[in-house]
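Enquirer:
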Amino acid sequence: MSLAVVWFKRDLRLNDHAPLQAALASPSNLLLLYVFEPSLLVQPDCSDRHCQFITQSIRDMQQTLHTIGLSMTVLMGEMVPILHAIYQQHGPFTLYSHEETGTDATWLRDRQVADWCQGQQVTWQEFPTNGVVRKLKSKSAWANLQRQRLQLPEAQPPWAHAKAVDASSLEIQFPADSLDFGEHPLMQIGGEREARQWLASFLEDRHRGYRFNLSKPEGARHHGSRLSPYLAWGNLSLRQVFNALQQPTTSRRTSRDLASFRSRLYWHDHFCQKLETMQQYERASVNPGMEAGFLPWNQAHHDAWATGKTGYPLIDACMRCLIETGFLNFRMRAMLVAFHSYHLRLHWQPAALHLARLFLDYDPGIHYPQMQMQAGTCGYHTFRIYNPTLQARLHDPQCAFIGQWVPELAALPPAYRLEPWKMTPLEQVMYQFIPGRDYPHPIVEIEKTGQEARQLWWALANKPEVKAITKQLLARINRPPRGFDQDEKDDQ
């Protein structure tokens, strides 16, 4: 009997999984496959926390599969040799997977798989991921296509027809049973069951106050959906979340919170579609003329930013929180990038890789377009040059978040947690705290660097050659969803 191989990538779920549904609907035997690929594990955007989330997701799938007499084959190796080993053992087969909007490394891997399939006359059926449209011909039609896909019924796998194959010999050739990616206890746990619990708790209660807490570093941890890692690694499809939102709401306030959340869900595919259309977002600044704003590389400044030792309490608290938990709300992420690009005037690419490794919800399709947007290298977005002291006053007024993640400031009154460098000598003695010894002095003067960056970036954006590239970019990329930037007021 023929074989159907379902290749899981960033779609680690068993429900609403079109490739799985198609494979189960065929008369073929079934092989469910996940592969840890060494060529991807060594990429500079990969980290142990990602792999831990993946293994947790796979274990969750294995537990569900066990109840219906199936299992997933988990291997370590490169895709083409593994596919060839399957071919030698079982003969011709059909490969099923989702399309993946990823990095250059995953694009190259997919091209190699496509070439191998063509050479062996193996059929590879790829299915769209959420609302991302491959080979999009008209950017004006994208929003309608996205909505049409999200309104389709969820794929229901017909498990009754499943017939599994024994892949034990492959596991001997490509063992993956000794994987150890460390422990990250403060991070969310991967898997469909965890994803559904987070979604249910958000819809039942946590969404109340979503709009008010969206930009607050601590409030967003409790009132935000926290679904981003489950969407990034495919424990949930975007369609499943939209369908769950169809539940009736109990009050006008609740409806407004959920309506705001719903509008933001459309942003997900908007950014993924950008990388799908222009792989350049990963490789280089999409508007090269904007790179003139960056200074020569300063490793000391970058390291201070990357480790949470800039001397600006909210910047440092956000980075340390991200290092420990893998999560930070959107506004604070944007502020971290803006500080690196505008106040330090350092190139965005090293920052992009550092944050990619830290974000538990790292998704290349969202990450790289967002990095360039927040770093000001597109030329057509508002330059959001955040003042971290002002952001702390607005979104952490009692400095509780700062006190939690920068413990050396926790014993100080809120005013000095925010600006410890303003303590008088008498107050330093009173609190037994010396700026520069117990906590770093600010590495730059943000009033000065912010003003300089604002003048410079707007001057660059208005150069004729830069504006010409901006016009070309706008002709290629899809329009942002309605309501885009609605919370990004000029409180920078």
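If you want our numbering, it's the 1-based position in the sequence shown plus 217. Cβ atoms here follow ideal geometry from the backbone N, Cα and C, with glycine treated the same way.
Please determine, among Arg654, Pro370, Ala331, the residue with the shortest C-alpha to C-alpha distance to Lys526.
Expert: As a first step, residue 526 must be located in the sequence shown, where it is residue number 309. Nearest C-alpha to Lys526: Arg654.
Enquirer: When the Cα atoms are used, what is the spatial distance from Glu662 to Pro605?
Expert: As a position in the sequence shown, residue 662 is number 445, starting the count at 1. As a position in the sequence shown, residue 605 is number 388, starting the count at 1. Their Cα atoms are separated by approximately 11 Å.
Enquirer: Once you ignore the five residues that flank Gln273 on each side, which residues in its own chain have a CB closer than 7 Å to its CB?
Expert: Here the question's residue 273 lines up with position 56 in the sequence shown. Within the same chain, Gln273 has close Cβ partners Ile406, Gly407, Gly408.
Enquirer: Grab me the residues of Trp674's own chain with a C-beta within less than 6 Å of its C-beta, minus the 5 sequence neighbours each way, in chain order.
Expert: The count along the sequence shown starts at 1 and reaches residue 674 at position 457. Excluding sequence neighbours, Trp674 sits near Gly510, Gly593, Phe600.
Enquirer: Quick check on the DSSP output: the beta strand (DSSP E) that includes Val223 runs from which residue to which?
Expert: Sequence index remark: in the sequence shown, residue 223 carries index 6 (1-based). Element bounds for Val223: 220-225.
Enquirer: Please return the same chain residues whose Cβ sits closer than 7 Å to the Cβ of Asp265, not counting the five positions on each side in sequence.
Expert: What you label residue 265 is simply residue 48 of the sequence shown in a count that begins at 1. Phe398, Gly399.
Enquirer: Please classify Ala501: does DSSP put it in a helix, a strand, or coil?
Expert: As a working mapping, residue 501 is identified with position 284 in the sequence shown. Residue state, collapsed to three classes: coil.
Enquirer: By DSSP, does Pro530 sit in helix, in strand, or in coil?
Expert: As a working mapping, residue 530 is identified with position 313 in the sequence shown. Pro530: helix per DSSP, three-state reduction.
Enquirer: Quick one: give me the first and last residue of the alpha helix (DSSP H) that Phe556 is part of.
Expert: The sequence position of residue 556 within the sequence shown is 339, counting from 1. Counting along the chain, Phe556 falls outside any alpha helix (DSSP H), and DSSP gives it neither H nor E.
Enquirer: Taking the beta carbon of His658 as the centre, do at least 16 other beta carbons fall within 10 Å, making it buried, or is it exposed?
Expert: On the sequence shown, position 441 is the one that residue 658 refers to. Per the 10 Å Cβ criterion, exposed.
Enquirer: Could you check if Pro630 is buried or exposed, using at least 16 other CB atoms within 10 Å of its CB as the buried criterion?
Expert: Taking the sequence shown and counting its residues from 1, the one referred to as residue 630 is at position 413. Per the 10 Å Cβ criterion, exposed.
Enquirer: Quick check on DSSP: helix, strand or coil for Trp341?
Expert: In the sequence shown, counting from the first residue as 1, residue 341 sits at position 124. In this structure, Trp341 counts as strand in the three-state DSSP scheme.
Enquirer: With H, G and I counted as helix, E and B as strand and the rest as coil, what does DSSP make of Glu603?
Expert: Your numbering for residue 603 matches position 386 in the sequence shown. Looking at the sequence provided, one finds Tyr at residue 603 rather than Glu. Residue state, collapsed to three classes: coil.
Enquirer: Could you check which residue in Ala632, Trp224, Gln464 has the C-alpha nearest to that of Leu607?
Expert: On the sequence shown, residue 607 is found 390 positions in, with the first residue counted as 1. Nearest option by C-alpha distance: Ala632.
Enquirer: Could you tell me how far apart the beta carbons of Thr542 and Arg693 are, in whole angstroms, since I believe they sit closer than 8 Å?
Expert: The residue given as residue 542 occupies position 325 in the sequence shown. The residue given as residue 693 occupies position 476 in the sequence shown. Wrong, their Cβ atoms sit about 36 Å apart, outside the cutoff.
Enquirer: If we count the other Cβ atoms within 10 Å of its Cβ and call it buried at 16 or more, is Gly441 buried or exposed?
Expert: In the sequence shown, the residue the question calls residue 441 occupies position 224. It is buried - the Cβ of Gly441 has at least 16 other Cβ atoms within 10 Å.
Enquirer: Report yes if the CB atom of Pro375 is closer than 9 Å to the CB atom of Cys535, and no otherwise.
Expert: On the sequence shown, position 158 is the one that residue 375 refers to. On the sequence shown, position 318 is the one that residue 535 refers to. No, these two residues do not count as a Cβ contact at 9 Å.
Enquirer: Among all the DSSP beta bridges, which residues are the ones paired with Phe253?
Expert: For the purposes of this step, residue 253 is taken as residue 36 along the sequence shown, with counting starting at 1. DSSP output for Phe253 lists Met293 as bridge partner(s).
Enquirer: For Phe488, which option in Leu416, Trp359, Ile275, Trp522 has the closest C-alpha, if you only look at C-alpha atoms?
Expert: Here residue 488 is taken as the residue at index 271 of the sequence shown, counted from 1. For the residues Leu416, Trp359, Ile275, Trp522, the minimum Cα distance to Phe488 belongs to Trp359.
Enquirer: Cβ of Gly656 within 9 Å of Cβ of Gly451?
Expert: By one-based count along the sequence shown, residue 656 stands at place 439. By one-based count along the sequence shown, residue 451 stands at place 234. For the sequence presented, residue 656 should be read as Tyr rather than Gly. For Tyr656 and Gly451, no; Cβs fall outside 9 Å.
Enquirer: Would you mind reading off the limits of the beta strand (DSSP E) that contains Leu312?
Expert: Walking along the sequence shown from the start, residue 312 turns up at place 95. 310-315 is the span of the beta strand (DSSP E), which, as asked, contains Leu312.
Enquirer: For Pro505, collect the residues of the same chain with a Cβ closer than 8 Å to its Cβ; drop the 5 residues on either side in sequence, then sort them by chain order.
Expert: Here residue 505 is taken as the residue at index 288 of the sequence shown, counted from 1. Taken in chain order, the residues that qualify are Ile686.
Enquirer: Is Ala322 near Phe391, with beta carbons less than 9 Å apart?
Expert: Against the sequence shown, residue 322 aligns to sequence position 105. Against the sequence shown, residue 391 aligns to sequence position 174. Not a contact, by the Cβ cut-off of 9 Å.
Enquirer: Please name the residue in Pro446, Gly436, Gly426 whose C-alpha comes closest to that of Trp415.
Expert: Walking along the sequence shown from the start, residue 415 turns up at place 198. Among Pro446, Gly436, Gly426, the Cα nearest to that of Trp415 belongs to Pro446.
Enquirer: Determine, using beta carbons only, whether Ala449 and Asp580 come nearer to each other than 9 Å.
Expert: As a working note, residue 449 is residue 232 in the sequence shown. As a working note, residue 580 is residue 363 in the sequence shown. Taking 9 Å as the Cβ cut-off, Ala449 and Asp580 qualify as a contacting pair.
Enquirer: If we ignore side chains and look at the alpha-carbon of each, how far apart do Met590 and Ser355 end up?
Expert: Numbered from its first residue, the sequence shown carries residue 590 at position 373. Numbered from its first residue, the sequence shown carries residue 355 at position 138. Approximately 22 Å between the Cα atoms of the pair.
Enquirer: How is Ala384 classed by DSSP in three states: helix, strand or coil?
Expert: For the purposes of this step, residue 384 is identified with residue 167 of the sequence shown, where counting begins at 1. Three-state DSSP puts Ala384 in coil, outside helix and strand.
Enquirer: Is Leu629 helix, strand or coil when you go by DSSP?
Expert: Here residue 629 refers to the residue found at position 412 of the sequence shown. Three-state result, Leu629: coil.
Enquirer: Just how far apart, CA to CA, sit Tyr483 and Gln305?
Expert: Within the sequence shown, numbered from 1, the residue matching residue 483 stands at position 266. Within the sequence shown, numbered from 1, the residue matching residue 305 stands at position 88. Answer to the nearest angstrom: the Cα atoms are 43 Å apart.
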